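J.: First residue of the sequence shown: 0, per numbering that gives the first Met the number 0; consecutive thereafter. Note that the Cβ used here is the ideal one computed from N, Cα and C, for glycine as well. None of these values were measured; they are calculated from a predicted model.
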Amino acid sequence: MAKRKNDHLKLGEALREFIQQNKLQKGMDKVDVREAWVRLMGKGVNNYTTAVELRNNTLFVSLSSSVLREELGLGKSKIIAMLNEELGKDLVKKLVLR
């Protein structure tokens, strides 16, 4: 029978270690970006958002309103800065609105 380790870890540390060992960080980043988009953009924008996907530091956001797409396109750099600040790391480099 395998012997148990008696090292005491905090739950957060154990989860971070599990994510790192199983190479799950990219998937976690994708989920975190989606959640950050919902929190930052609010109800009005989220009603017209059909998909949010992170691929290779590029965030692809599908919108059902062409008018909203144009409005958000004017502030892409500010949106990227807000998302990265919310995430606490420089994850989004480019924003593509479609």
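1) Report the start-end ranges of each alpha helix (DSSP H) in the segment 10-97 that is 4 residues or longer and not cut off at the edges.
2) By Cβ distance below 8 Å, which residues in the same chain neighbour lysine 75 in space, the five residues on each side in sequence not counted?
3) May I ask you to verify whether the segment 46-64 touches the segment 13-24, counting CB pairs closer than 8 Å and requiring at least 3?
4) Go through its chain and collect everything with a Cβ distance to leucine 39's Cβ below 7 Å, but skip five positions before and after it.
5) Between the alpha carbons of isoleucine 18 and lysine 25, how many angstroms are there, rounded?
T.: So, to answer that:
1) Runs of the alpha helix (DSSP H) inside the segment 10-97: 10-20, 24-45, 65-72 and 75-86.
2) The residue labelled residue 75 in the question sits at position 76 within the sequence shown. Cβ neighbours of lysine 75 beyond the five flanking positions: Leu94 and Leu96.
3) no
4) Counting from one through the sequence shown, the residue named residue 39 turns up at place 40. So the list reads Met81, Leu82 and Glu85, once near-sequence residues are dropped.
5) Within the sequence shown, the letter at position 19 stands for residue 18. Within the sequence shown, the letter at position 26 stands for residue 25. Approximately 10 Å, taken between the alpha carbons.
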